[in-house]
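Visitor:
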Amino acid sequence: MLTAIIGGSGLTEFEGLTIDHREVMRTEYGEPSGPITFGRMGDAEIAFLSRHGPEHIIPPHRVNYRANLTALRQAGATQVIAVNAVGGIDEGLKPVDLVVPDQIIDYTYSRDHTFFDSEHGPVRHVDFTYPYTERLRKIIIETATRQGVSVIPAGTYAATQGPRFESAAEIDRMERDGATIVGMTGMPEAILARELELDYAMRAVIANRAAGRADGEISVTEIMENLAAGIDKTRVLLQSVIPLL
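Residues 0 to 244, numbered by numbering that gives the first Met the number 0, are exactly what the sequence shown covers, in order.
1) For the alpha helix (DSSP H) holding ASP231, just list the boundary residues, first then last.
2) Jot down the residue ranges of each uninterrupted beta strand (DSSP E) in the region 101-145, minimum 3 residues, whole runs only, in chain order.
3) Return the CA-CA distance between ILE190 and ILE88, expressed in angstroms with no decimal places.
4) Under three-state DSSP, which class holds ILE4?
5) Nearest by alpha-carbon distance to ALA206: which of VAL95, GLY185 and ARG61 is it?
6) Roughly how many whole angstroms lie between the Cα atoms of LEU226 and LEU97?
7) Check each candidate in PHE37, MET0, LEU236 and THR2 and name the one with the smallest Cα separation from ALA143.
8) In its own chain, which residues sit with a C-beta less than 7 Å from the C-beta of VAL23, not counting the 5 before and 5 after it?
9) If you draw a straight line from the C-alpha of ALA167 to the C-alpha of VAL150, how long is it?
10) State the DSSP-derived secondary structure class of GLU169, mapped to helix, strand or coil.
11) Please report how far the alpha carbon of ARG72 lies from the alpha carbon of ALA3, in whole angstroms.
12) At the level of alpha carbons, what is the spacing between LEU92 and GLY182?
13) Could you give the DSSP three-state label for ALA74: helix, strand or coil?
14) Please state if the CB of ASP101 and the CB of TYR131 are separated by a distance shorter than 9 Å.
15) Is it true that the CB of THR113 sits closer than 9 Å to the CB of PRO187?
16) Out of GLU194, GLY215, MET173 and ARG208, which has the shortest C-alpha to C-alpha gap to ASP105?
17) Please classify SER117 as buried or exposed, where buried requires at least 16 other C-beta atoms within 10 Å of its C-beta.
18) Per DSSP, what kind of secondary structure is ASN63 in: helix, strand or coil?
19) Compute the Euclidean distance between the alpha carbons of THR11 and PRO31, then round it to the nearest angstrom.
20) Is DSSP giving ALA81 helix, strand or coil here?
21) Could you have a look at ASP214 and say whether DSSP puts it in helix, strand or coil?
This is the structure we're talking about:
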């Protein structure tokens, strides 16, 4: 069983992976964000893809999500763990916290958000009641508990268009909608995985307090410092999670 890891901001390569080879994939939706790295972690086969490209130059609204998911499926992946950097909306969330969300709200627009948009194909309506695969969520949460890694076991991800950060009023609105974290890459990745029948779960790292939730403006320098610490925690956890998959 091939497990795919999609790395977001702060995770452009996956340490601890014994690399077999890298492959440039092509799909009917174009090329993915970069080469897929194939390797092993113990007995587990892994495919790693950097969402924003190896040099982190692809902005959230320009990511070819359809090509990324299609390439991973073509490679043989059956399950995907996504790593995402997010802002904390809920007052109980602080930088470097790790969240395993169970719900999502989509505020994005003008993205290719489905595989079923051809006038020559049948109309398909895919159930999205529970956006993340519960089996994967439980493995991540239970492994974190055994490893003594603190995680927030639920949350609602607000997916925004980017690449700008949100206004304080927009964050207020999202909080009223029920969102607890905010990011720019959660959709359409999650629904495309569902349409391809890939198991999918997210591991979110709080990089900053969302707009209006901290003193002053959002600092990119602070975000990168928090991400470095949060991604280190994520790597340690994934090294324990992956063999169980």
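Ideal Cβ positions, reconstructed from N, Cα and C, are used throughout, including at glycine.
Since this is a predicted model, take the numbers as computed values, not measurements.
Guide: According to the data block:
1) The residue you call residue 231 lines up with position 232 of the sequence shown. It spans 219-240 - the alpha helix (DSSP H) in which ASP231 sits, taken as one unbroken run.
2) 102-105
3) On the sequence shown, residue 190 is found 191 positions in, with the first residue counted as 1. On the sequence shown, residue 88 is found 89 positions in, with the first residue counted as 1. C-alpha separation (whole angstroms): 23 Å.
4) For the purposes of this step, residue 4 is taken as the residue at position 5 of the sequence shown. Correct three-state label for ILE4: strand.
5) As a first step, residue 206 is located in the sequence shown; it is residue number 207 there, counting from the start. For ALA206, the nearest C-alpha among the options comes from VAL95.
6) As a position in the sequence shown, residue 226 is number 227, starting the count at 1. As a position in the sequence shown, residue 97 is number 98, starting the count at 1. Straight-line Cα distance between these residues: approximately 11 Å.
7) Here residue 143 is taken as the residue at index 144 of the sequence shown, counted from 1. Among PHE37, MET0, LEU236 and THR2, the Cα nearest to that of ALA143 is on LEU236.
8) Here residue 23 is taken as the residue at index 24 of the sequence shown, counted from 1. These residues qualify, in order along the chain: PRO34.
9) On the sequence shown, residue 167 is found 168 positions in, with the first residue counted as 1. On the sequence shown, residue 150 is found 151 positions in, with the first residue counted as 1. Their Cα atoms are separated by approximately 26 Å.
10) Within the sequence shown, numbered from 1, the residue matching residue 169 stands at position 170. DSSP places GLU169 in helix when its eight states are reduced to three.
11) Position 73 of the sequence shown holds residue 72. Position 4 of the sequence shown holds residue 3. Cα to Cα, ARG72 sits roughly 9 Å from ALA3.
12) Position 93 of the sequence shown, counted from the first residue, corresponds to residue 92. Position 183 of the sequence shown, counted from the first residue, corresponds to residue 182. Taking the straight line from one Cα to the other gives about 14 Å.
13) Sequence index remark: in the sequence shown, residue 74 carries index 75 (1-based). Looking at ALA74 - three-state DSSP - the assignment turns out to be coil, as it is neither helix nor strand.
14) Along the sequence shown, read from residue 1 onward, the residue named residue 131 stands at position 132. Along the sequence shown, read from residue 1 onward, the residue named residue 101 stands at position 102. Their beta carbons are under 9 Å apart, which means TYR131 touches ASP101 by this criterion.
15) On the sequence shown, position 188 is the one that residue 187 refers to. On the sequence shown, position 114 is the one that residue 113 refers to. Their beta carbons are under 9 Å apart, which means PRO187 touches THR113 by this criterion.
16) Sequence index remark: in the sequence shown, residue 105 carries index 106 (1-based). Comparing Cα-Cα distances from ASP105 to each of GLU194, GLY215, MET173 and ARG208, the minimum goes to MET173.
17) Within the sequence shown, the letter at position 118 stands for residue 117. Exposed is the call here.
18) Here the question's residue 63 lines up with position 64 in the sequence shown. Residue state for ASN63 is assigned as coil, using DSSP reduced to three classes.
19) The residue you call residue 11 lines up with position 12 of the sequence shown. The residue you call residue 31 lines up with position 32 of the sequence shown. Legend: pLDDT at THR11 = 47, less than 50; position of this residue unreliable, no value from coordinates given.
20) The residue given as residue 81 occupies position 82 in the sequence shown. Note: ALA81 maps to strand in three-state DSSP.
21) The count along the sequence shown starts at 1 and reaches residue 214 at position 215. It is coil, neither helix nor strand.
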